[in-house]
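Numbering (the working numbering), first residue to last: -11 to 204.
Each residue gets a CB set at the ideal place from its N, CA and C atoms; glycine is no exception.
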Ligand code: AMP
């Protein structure tokens, strides 16, 4: 099963993708994570992407499609994948069609996480994660059970994304509305889109997605 999770920043794509990974072994393909890894490693791609990401703008289609294409060649992707943060433009949607055809793969669903945009700024600016295992937390909605200690791995180090500040988030939402939301009709025309209420609690969103994947 291969799916796209589509929705604005903060809609819960990453959270839902890691649940599906834990429950079904589907591989999370987050182009944002790939780019952050490139920035951290100081690769040529990372050097080009860093300032663009910090401004909340989109990295070039060419760069992002290049890193995704390489990732799709790795064998674990055959277990089924969840695209999280790609495609983000009409050009990327077209590139994805070509890449999947070349690699003998196909999409089963495009799951749209529908959310109230004003709630997103609050969701995103409060979020942080464990620096060691990546478990996600939130200043107001999900604190570690023991203050300062990760529930999952016990680490005491946490991090925040540099682009999770209000000004950048607003820019990321503008980019989403202008460039990403318009790709929905492309997938609607193929009959692939399923809509889920992304404002519901995490577990309910997960149940709704599972039901779609199980054809219920
Ligand atoms: P995300 O982790 O998906 O919120 O992505 C963080 C940032 O990485 C975005 O704001 C963009 O700057 C960049 N990025 C991630 N995926 C893409 C993509 N598919 N196309 C262009 N830029 C991307």
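Please name the residue or residues paired with residue 126 in a DSSP beta bridge. The residue labelled residue 126 in the question sits at position 138 within the chain shown. In the DSSP output, where bridge partners are listed per residue, residue 126 has 115, 130.
Near residue 38, what residues of its chain come up, given a Cβ to Cβ distance below 7 angstroms and the 5 sequence neighbours on each side ignored? Residue numbering aside, residue 38 sits at position 50 when the chain shown is read from its first letter. Closer than 7 angstroms at the Cβ level, and outside the excluded window around residue 38, lie 27.
Any heavy atom of the ligand AMP inside 6 angstroms of the beta-carbon of residue -11? Along the chain shown, read from residue 1 onward, the residue named residue -11 stands at position 1. Not so, every heavy atom of the ligand AMP lies at least 6 angstroms from the Cβ.
Quick check: is any heavy atom of the ligand AMP less than 6 angstroms from the C-beta of residue 161? Position 173 of the chain shown, counted from the start, is the residue given in the question as residue 161. Answer for residue 161: no, Cβ out of range of the ligand AMP.
Please classify residue 5: is it buried, with 16 or more other beta-carbons within 10 angstroms of its beta-carbon, or exposed? Numbered from its first residue, the chain shown carries residue 5 at position 17. Buried, by the Cβ-count rule.
Neighbourhood of residue 139 by C-beta distance below 7 angstroms, restricted to the same chain and skipping five residues each side: Start at 1 with the first residue of the chain shown, and residue 139 comes out as number 151. Around residue 139: 123, 132, 133.
Can you tell which of 98, 114, 92, 60 has its C-alpha closest to the C-alpha of residue 76? Position 88 of the chain shown, counted from the start, is the residue given in the question as residue 76. It is 98 whose Cα lies nearest to the Cα of residue 76.
Nearest to residue 175 by alpha carbon, out of 109, 78, 154? On the chain shown, position 187 is the one that residue 175 refers to. Looking at the Cα atoms, 78 is the closest of the given residues.
Can you pull the DSSP bridge partners for residue -7? Translated into the one-based positions of the chain shown, residue -7 becomes position 5. The partner list for residue -7 (beta bridge, DSSP) reads 72, 99.
Should the region 147 to 164 be regarded as contacting the region 59 to 72, the criterion being three or more beta carbon pairs within less than 8 angstroms? no
Under the criterion of a Cβ to heavy atom distance below 6 angstroms, does residue 46 qualify as lining the ligand AMP? In the chain shown, counting from the first residue as 1, residue 46 sits at position 58. Yes, since a heavy atom of the ligand AMP falls inside the 6 angstroms radius drawn around the Cβ of residue 46.
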